Amino acid sequence: MRIGVLALQGDVDAHQEVLRTLGVEGVSVRTPSDLDSIDGLVLPGGESTTMSMLLDSSGLREPLTEWVSERRPTLGTCAGLVLLADRVTDGRDDQVSLGGLDITVQRNGYGRQKFSFEGDVAAPDLGEEFDGVFIRAPRILDVGASIEVLGRLSADGEIVIVQAGAIIGCAFHPELSGDPRLHARLVACANAGNGPR
Amino acid sequence: MANSTPSSSERATGTFRVKRGLADMLKGGVIMDVVDADQAKVAEDAGAVAVMALERVPSDIRRDGGVARMSDPELIEKIQETVTIPVMAKARIGHFAEAQILASLDVDYIDESEVLTPADESNHIDKWAFEIPFVCGATNLGEALRRIGEGAAMIRSKGEAGTGNIVEAVRHLRSIFGDIRKLSLADDAEVYAMAKELRAPLDLVQEVAETGVLPVPLFCAGGIATPADASLVLQLGAQAVFVGSGIFKSEDPSRMARAIVEASTHYEDATIVAKVSRGLGDPMRGTEINALETRLADRGW
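Listed in order, the protein sequences are those of chains B and V. Residues in the first sequence are numbered consecutively from 7, following the numbering used here. Residues in the second sequence are numbered consecutively from 2, following the numbering used here.
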């Protein structure tokens, strides 16, 4: 089992560390050929505008769009969620997402760094609450009928973890609190019959 | 390291995890110095992960002399209105009133910077008193840990700003990583003596001895002028780069900016760094360190 982590920019190392604790090999993905040998993919946190530009210059945009449209196992956190959202508000005009999740997200929806926060996330299907670390996080404004809601902010019930098939999106950073449950879910999706191409 | 635990009904802002979290998000990226909204736009278009708002880039501060201070709030606000990426700004060392002003403007990170003229010759800002995170410069491990002890959530090696000369940045990175390696090999008794030598808080020295890494992200600043410079310091272990004069003092800032961004992602792949280095025009001219009248890295303690 090999899980790729998109390594154009962002907290790639934190995701690799979580994968290591699960006993899974994490592979840095910087060029199209890096996709050949992986069974699942993590889109990390970082600056979504920067990642979007680097998706083009690295030649990864097309193969990753195909990856997502084939519904292959993918986990996106924060900026990764922005990349997976079918609709993005407050992004740059030239910022194009990969799509994959029928949701609308507002980039930096909670405001500047001053409003970044830690807050508990209730996720009944996944066990106890997550210690959610939200860094200039995207806000999920609406979700389509195909979306399964996995987690909500305990304080006000806002949706913060979603899944559709093998694609999981999360507005906060489980990798920063070292919580492996969403990565384990990704690995389970990858085990469930999506072998290497 | 202090970390408050939020109760289930509230949002806990300004925790240490939240402060260093933004530094984690900037890893692998390029933070660019900009002096106005137009430059900020060029930086964002080129793929900067953040911009640093300041009145003059370091090479101009060096040339003009005089006292270098915090930027005009109006300039910072214009930059904030222009870009969607994080906006950082510099306060003078020890000048907590400037830091309070920057915090009131909701900048995303405050750089307590030796590039500006220090305001206090003994004390740095008590950074725990702020909800906004701070980055500070360091030339060695002891200095880095003292800044972290004061609440810094990100460290950047100082290098020598405004020179376009990478030699000091390399010296500082090698010193920091060299001392971390030494500390990792020390036994428990030796760690006490090393804390004394480093003049750093014992608990942080013990933490580094145990984990083998700095407790916060370590970026590199001061002297980066080409894509190859970025590749060099990232291979040495820096986790992201700050580029000041190197971009807007080059012949074609937009192309240089983009090339450094791409080189920072593909820093281990010399073929790609070579590709983005082609035909960039002249980089900033640069200065021999021995020819300098003022060494900015000596500011701060």
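Yeah, the Cβ is synthetic: ideal placement off N, Cα and C, and Gly gets one too. No experiment lies behind these values; they were computed from the predicted model shown.
Below 8 Å, enough C-beta pairs join the stretch 81-91 of chain V and the stretch 36-53 of chain V to call them touching: three or more. The residues E56, in chain order, have a CB closer than 8 Å to that of D73(V) in the same chain once the five nearest residues on each side in sequence are set aside.
When the beta-carbon positions are compared, F178(V) and G152(V) stay at least 8 Å from each other.
For C221(V), the secondary structure class from DSSP, reduced to helix, strand or coil, is strand. Secondary structure of V166(B) (DSSP, three-state): strand.
The Cβ atoms of A91(B) and L107(B) sit closer than 8 Å to each other. When the alpha-carbon of L60(B) is set against those of V31(V), V58(V), D61(V), the nearest one is in V31(V). Per the Cβ contact rule, the stretch 126-137 of chain B is not in contact with the stretch 47-59 of chain B (fewer than 3 Cβ pairs under 8 Å). At a cut-off of 8 Å between C-beta atoms, D109(V) counts as an interface residue with respect to chain B. The beta carbon of S176(V) lies closer than 6 Å to those of N141 in the same chain, with the five residues before and after it left out.
Judged by DSSP secondary structure, T95(B) falls outside any alpha helix (DSSP H) and instead within the beta strand (DSSP E) spanning 91-95.
If you look at K197(V), you'll find it isn't in any beta strand (DSSP E); it sits in the alpha helix (DSSP H) that goes 189-199.
Residues of the same chain with their beta carbon placed closer than 6 Å to that of D299(V) are lacking, with the five preceding and five following residues left out of the count.
Put simply, of L14(B), F178(B), G125(B), I109(B) the residue whose alpha carbon is nearest the alpha carbon of S152(B) is I109(B). In the structure shown, the three-state DSSP call for R70(V) is coil. Counting along the chain, no beta strand (DSSP E) covers C195(B); the unbroken alpha helix (DSSP H) around it starts and ends at 187-197.
Under the three-state reduction of DSSP, A38(V) is assigned to helix. Sequence-distant Cβ neighbours of C195(B) in its own chain, meaning closer than 7 Å and more than five residues away, are G46, P79, A172. Around the C-beta of P284(V), 16 or more other C-beta atoms lie within 10 Å, and the residue is accordingly described as buried. As computed with DSSP, C137(V) is found in a beta bridge with E113(V), I156(V). Linking L233(V) to A271(V) through their CA atoms gives a straight-line distance of about 11 Å. Judged by their CB atoms, A24(V) and A162(V) are not nearer to each other than the 8 Å cut-off.
Only residues of its own chain outside the window of five on either side were considered, and among them A20, H21, V24 have a CB closer than 6 Å to the CB of E181(B), listed in chain order. Contact with chain V is found for D19(B), since one of that chain's Cβ atoms lies less than 8 Å from the residue's Cβ.
Ranked by how close their Cα comes to the Cα of V35(V), the residues P254(V), A170(V), P218(V) have P254(V) in first place.
Counting only the Cα atoms, S43(B) lies some 36 Å from K20(V). Looking only at L12(B), L28(B), G105(B), L188(B), the smallest Cα-Cα distance to V35(B) is reached by L12(B). Within the same chain, R145, I146, R158 come within 8 Å of E164(B) by CB-CB distance, once the 5 residues on both sides are set aside. Closer than 8 Å at the C-beta level to chain V, one finds these residues of the stretch 160-183 of chain B: S160, A161, H179, L182, S183. Around the Cβ of Y193(V), a 10 Å sphere holds fewer than 16 other Cβ atoms; the residue is exposed.
Taking a beta-carbon distance threshold of 8 Å, G48(V) counts as an interface residue toward chain B.
The C-alpha of V171(V) is placed about 44 Å away from the C-alpha of N197(B). D180(V) and L235(V) have their C-alpha atoms spaced approximately 18 Å apart.
S64(B) sits in coil when the DSSP states are folded into three classes, being neither helix nor strand.
Proximity to V88(B) across I174(B), S63(B), L132(B) peaks at I174(B), based on C-alpha coordinates. Of R77(B), D96(B), E68(B), M7(B), the smallest CA-CA separation from G115(B) is found for D96(B).
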